[in-house]
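Okay, so here's the structure we're looking at.
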Ligand code: AGP
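Numbering (our numbering), first residue to last: 24 to 626.
Right, dumping it as structure tokens:
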């Protein structure tokens, strides 16, 4: 949802700014730009297109100067044009600004500024900010004061960074409900939307909170409150992410690399702090009502977790999509809301958490990105430790979240007596084998999945079908398929078929079944009955499941190393591989599908 970066040092920073833009490109990739201060003049170069192309065409690497800001855009206000790309300049060319977020009252501000004589060159809300800043600077002559005055007039969300020839040795940044971090280097300091902006240069990071202003020089960082200007002391945290994890490491796409990293992320998820596990378990037991929330993939994580909690603890913990939460959830002091979020920045989920908090509810989260907004907003956090997930599609982070939810459900089941010690130990043993099983699934099936993807590439409409917990697997797999292939895929519980959906089936219509092991007889037989109904209407069927193959399916993959508890997770891996190979066959932009951004920080 747009990436911002700023670097201030004592040598030419353009090569590092370009690298940061490349690392941030997954946040938005329709246009990009740089502004660098050189001898009192701000040089702005920007255009539509991918970073490598724009950087080459506009010769970013030849830009001189030691203080600069950059931006990768995911268009919200204003179409994808050069004029709408960031950075934006004021009319005097004395201020340049980049922004991530949405300014709700930009039209009113723009009108006021136009009356005051400001000329606008773009359709964006961001350009309003830089004119407003110039206006406030004319009143005060002090840049940090002007930024604070500007921010007071803004409604909406922002993370912004500013350079100006009035303060050539400083970069200014501010945050309200959009992510922002500071990186501390040696003789060089950084500002960025997330760690990927700075991971190549430093691991020492200070998370910036809402309502804060940052003033960076090459050897100092000052954080102040936006409202009062009061100074804030905050220590840096040391990031333990390996920069290599942010590289493709020989894989053609991040998506494939991240699918392959899943055995490790499963293991990392299981190394969660036992004290946290116990504390979260107590919170769940003490709550009268538990909601599990997320949006997109993390909603399907929550849905999967809902089945695990029911099975292992006997409790119905309600899965809700974060965007619908406030319209349906019952929130009070007896409610616990557990959010799942890779980025820790997703607007809908943050909004739902705040809504619950305001009503006195307890909040907790399972998050991947250290120092993200949600980490500060909830009472309790479990960090999933999956490392950077660069592909816009979530794979390894989602599986790690499911593993953590399953581990939590086991703990609660044991604590409440719903699970005997024997059953608990048995399940835990199976969970500890999961990483090995995931590795086997990837290594042993990817060739077959690739073949199925090639043979089905012409099917443009799919039903992904499952029952019980496998319906959540089917829905998440369908989302992956839509995101990356742009083919229509609808994930449904098998029970829906007779009640309408079966009308879609005709010659060659595609369906994929996510079949439980035969030991789950009820779910299995009902799933097979659905497959037969489709077959008798000449539909084309793929089966992902366990044990013996069946001649019902046109293509199938059957796994033989599984246990019933973690089996759904193995089929999720097959769903990921199928989407991946289908997208490759269709020559899609795998890591950056059209119209999407990794972290959706706007409403
Ligand atoms: C996943 O493939 C999606 N791109 C998307 O649905 C994502 O999971 C969702 O936006 C939630 O993001 P979060 O985990 O960062 O909160």
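We treat Cβ as the ideally placed atom computed from N, Cα and C, and that holds for glycine. All values reported here derive from a predicted model rather than from experimental measurement.
**Prompt:** Who does residue 579 pair with in a DSSP beta bridge?
**Reply:** Working through the chain shown from its first residue, we reach residue 579 at position 556. Its beta-bridge partners are 566.
**Asked** CB residue 31 to CB residue 193, shorter than 9 Å?
**Response** The sequence position of residue 31 within the chain shown is 8, counting from 1. The sequence position of residue 193 within the chain shown is 170, counting from 1. With a cutoff of 9 Å on beta-carbon distance, residue 31 and residue 193 are scored as near each other.
**Prompt:** Would DSSP call residue 684 helix, strand or coil?
**Reply:** No statement about residue 684 is possible, as the shown extent of the chain runs from 24 to 626 and does not include it.
**Prompt:** Where does residue 66 fall in DSSP's three states?
**Reply:** Here residue 66 corresponds to residue number 43 of the chain shown, with the count starting at 1. Reduced to three states, the DSSP call for residue 66 is strand.
**Prompt:** Under three-state DSSP, which class holds residue 129?
**Reply:** Residue 129 sits at position 106 when you count from the first residue of the chain shown. In the displayed model, residue 129 falls within a helix according to three-state DSSP.
**Request:** Could you check how far apart the C-beta atoms of residue 427 and residue 592 are, in whole angstroms? I think they sit under 8 Å.
**Result:** If you number the chain shown from 1, residue 427 lands on position 404. If you number the chain shown from 1, residue 592 lands on position 569. The C-beta separation of residue 427 from residue 592 comes to about 12 Å, leaving the pair out of contact by the 8 Å criterion.
**Request:** Taking residue 112 and residue 65 to be in contact with their CB atoms under 8 Å, please state how far apart those CB atoms are, rounded to whole angstroms.
**Result:** Indexing the chain shown from 1 puts residue 112 at position 89. Indexing the chain shown from 1 puts residue 65 at position 42. About 7 Å; that satisfies the 8 Å criterion.
**Request:** Please find out if some non-hydrogen atom of the ligand AGP comes closer than 8 Å to the beta-carbon of residue 356.
**Result:** Taking the first residue of the chain shown as position 1, residue 356 is located at position 333. Not under cutoff, so the answer is no.
**Message:** Quick check on the burial criterion: 16 or more other C-beta atoms within 10 angstroms. Buried or exposed for residue 579?
**Reply:** Stepping through the chain shown from its first residue, residue 579 is reached at position 556. The residue is buried, with at least 16 neighbouring Cβ atoms inside 10 Å.
**Message:** Quick check on DSSP: helix, strand or coil for residue 520?
**Reply:** Against the chain shown, residue 520 aligns to sequence position 497. DSSP, read as helix, strand or coil, puts residue 520 in helix.
**Selected residue, minimal CA-CA separation from residue 247, among 259, 233, 440 and 103** = Taking the first residue of the chain shown as position 1, residue 247 is located at position 224. Of the listed residues, the one whose Cα sits closest to residue 247 is 233.
**Prompt:** Starting from residue 317 and walking both ways along the beta strand (DSSP E), at which residues does that stretch end?
**Reply:** Here residue 317 is taken as the residue at index 294 of the chain shown, counted from 1. Following the DSSP letters along the chain, one finds residue 317 inside the beta strand (DSSP E) bounded by residues 312-317.
**Cβ-heavy atom distance, residue 172 to the ligand GTP, below 8 Å** = Ligands displayed in this structure: the ligand AGP; the ligand GTP is not among them.
**residue 294, buried or exposed, once every other Cβ within 10 Å from all chains shown has been counted against 16** = Residue numbering aside, residue 294 sits at position 271 when the chain shown is read from its first letter. Classification of residue 294: exposed, given that the 10 Å Cβ count is below 16.
**Prompt:** Taking the DSSP output, what are the residues bridged to residue 533?
**Reply:** As a working note, residue 533 is residue 510 in the chain shown. Looking at the DSSP output, residue 533 bridges to 485 and 563.
**Message:** Is residue 621 near the ligand AGP - that is, is its Cβ less than 8 Å away from at least one heavy atom of it?
**Reply:** For the purposes of this step, residue 621 is taken as residue 598 along the chain shown, with counting starting at 1. It does: the Cβ of residue 621 is within 8 Å (strictly closer) of some heavy atom of the ligand AGP.
**Item:** CA-to-CA distance, residue 87 to residue 211, given in whole angstroms
**Value:** Taking the first residue of the chain shown as position 1, residue 211 is located at position 188. Taking the first residue of the chain shown as position 1, residue 87 is located at position 64. Taking the straight line from one Cα to the other gives about 16 Å.
**Message:** Is the separation between the beta-carbon of residue 253 and that of residue 412 shorter than 9 Å?
**Reply:** Position 230 of the chain shown, counted from the first residue, corresponds to residue 253. Position 389 of the chain shown, counted from the first residue, corresponds to residue 412. No, Cβ-Cβ distance for residue 253 and residue 412 is not below 9 Å.
**Prompt:** When the Cβ atoms of the segment 332-351 are set against those of the segment 427-438, are three or more pairs found closer than 8 Å?
**Reply:** Flag = yes, the segment 332-351 and the segment 427-438 touch.
**Request:** Kindly indicate which three-state DSSP category residue 456 falls into: helix, strand or coil?
**Result:** Counted from its first residue, the chain shown places residue 456 at position 433. The answer is coil: DSSP assigns residue 456 none of H, G, I, E or B.
**Prompt:** When you compare only the Cα positions, how much space is there between residue 471 and residue 563?
**Reply:** By 1-based counting over the chain shown, the position of residue 471 is 448. By 1-based counting over the chain shown, the position of residue 563 is 540. Approximately 17 Å, taken between the alpha carbons.
**Item:** residue 221 burial status per 10 Å Cβ neighbour count (16 or more: buried)
**Value:** For the purposes of this step, residue 221 is identified with residue 198 of the chain shown, where counting begins at 1. The residue in question, residue 221, is buried, as its Cβ has 16 or more Cβ neighbours within 10 Å.
**Asked** Is the Cβ-Cβ distance between residue 327 and residue 495 less than 9 Å?
**Response** Within the chain shown, residue 327 is the residue found at index 304, counting from 1. Within the chain shown, residue 495 is the residue found at index 472, counting from 1. Yes, Cβ-Cβ distance for residue 327 and residue 495 is below 9 Å.
**Prompt:** Which one or two residues does DSSP pair with residue 386 in a beta bridge?
**Reply:** Residue mapping note: residue 386 aligns to position 363 of the chain shown, counting from 1. Answer is 360.
**Request:** Find out if the Cβ-Cβ distance for the pair residue 534, residue 507 is shorter than 9 Å.
**Result:** Within the chain shown, numbered from 1, the residue matching residue 534 stands at position 511. Within the chain shown, numbered from 1, the residue matching residue 507 stands at position 484. In this structure, residue 507 does not lie closer than 9 Å to residue 534 by Cβ.
**Contacts around residue 301, its chain only, beta-carbon distance under 8 Å, and the 5 residues preceding and following it disregarded** = Here residue 301 is taken as the residue at index 278 of the chain shown, counted from 1. Annotation for residue 301: 434 place their beta carbon closer than 8 Å to its own, counting only its chain and skipping 5 residues before and after.
**Request:** Could you check what DSSP says for residue 339 in three-state terms: helix, strand or coil?
**Result:** As a working note, residue 339 is residue 316 in the chain shown. In this structure, residue 339 counts as coil in the three-state DSSP scheme.
**Request:** Since I believe residue 550 is in contact with residue 517 (beta carbons under 8 Å), could you give me their beta-carbon distance rounded to a whole number of angstroms?
**Result:** Counting from 1 along the chain shown, the entry for residue 517 is found at position 494. Counting from 1 along the chain shown, the entry for residue 550 is found at position 527. Yes, they are in contact, since the Cβ atoms of residue 517 and residue 550 sit about 5 Å apart, within 8 Å.
**Item:** Counterpart residues of residue 404 in DSSP-defined beta bridges
**Value:** What you label residue 404 is simply residue 381 of the chain shown in a count that begins at 1. Under the DSSP definition of a beta bridge, residue 404 partners with 388.
**Prompt:** Residues in its own chain within less than 8 Å of residue 611 by CB, not counting five upstream and five downstream?
**Reply:** In the chain shown, counting from the first residue as 1, residue 611 sits at position 588. Setting aside the 5 residues that flank it on each side, residue 611 is surrounded in the same chain by 507, 508 and 509, each with a C-beta closer than 8 Å to its C-beta; the list follows chain order.
**Request:** Could you check if residue 503 is buried or exposed, using at least 16 other CB atoms within 10 Å of its CB as the buried criterion?
**Result:** On the chain shown, position 480 is the one that residue 503 refers to. Of the residues assessed, residue 503 falls on the buried side of the cut-off, its CB having 16 or more other CB atoms within 10 angstroms.
**Asked** If residue 151 and residue 133 are in contact, beta carbons under 8 Å, what's the gap, nearest whole angstrom?
**Response** Taking the chain shown and counting its residues from 1, the one referred to as residue 151 is at position 128. Taking the chain shown and counting its residues from 1, the one referred to as residue 133 is at position 110. The C-beta separation of residue 151 from residue 133 comes to about 5 Å, placing the pair in contact by the 8 Å criterion.
**Asked** Taking all protein chains shown into account, do 16 or more other C-beta atoms lie within 10 angstroms of the C-beta of residue 614, making it buried, or fewer, making it exposed?
**Response** Along the chain shown, read from residue 1 onward, the residue named residue 614 stands at position 591. Classification for residue 614: buried.
**Asked** Roughly how many angstroms separate the alpha carbons of residue 199 and residue 403, rounded to a whole number?
**Response** To locate residue 199, count along the chain shown from 1; it is residue 176. To locate residue 403, count along the chain shown from 1; it is residue 380. For residue 199 and residue 403, the distance between alpha carbons rounds to 22 Å.
**Item:** C-alpha gap between residue 577 and residue 569, whole angstroms
**Value:** Within the chain shown, the letter at position 554 stands for residue 577. Within the chain shown, the letter at position 546 stands for residue 569. Pairing residue 577 with residue 569, the inter-Cα distance amounts to about 16 Å.
**Request:** Give the straight-line distance between the Cα atoms of residue 162 and residue 609, rounded to the nearest whole angstrom.
**Result:** The residue labelled residue 162 in the question sits at position 139 within the chain shown. The residue labelled residue 609 in the question sits at position 586 within the chain shown. Taking the straight line joining both Cα atoms gives about 56 Å.
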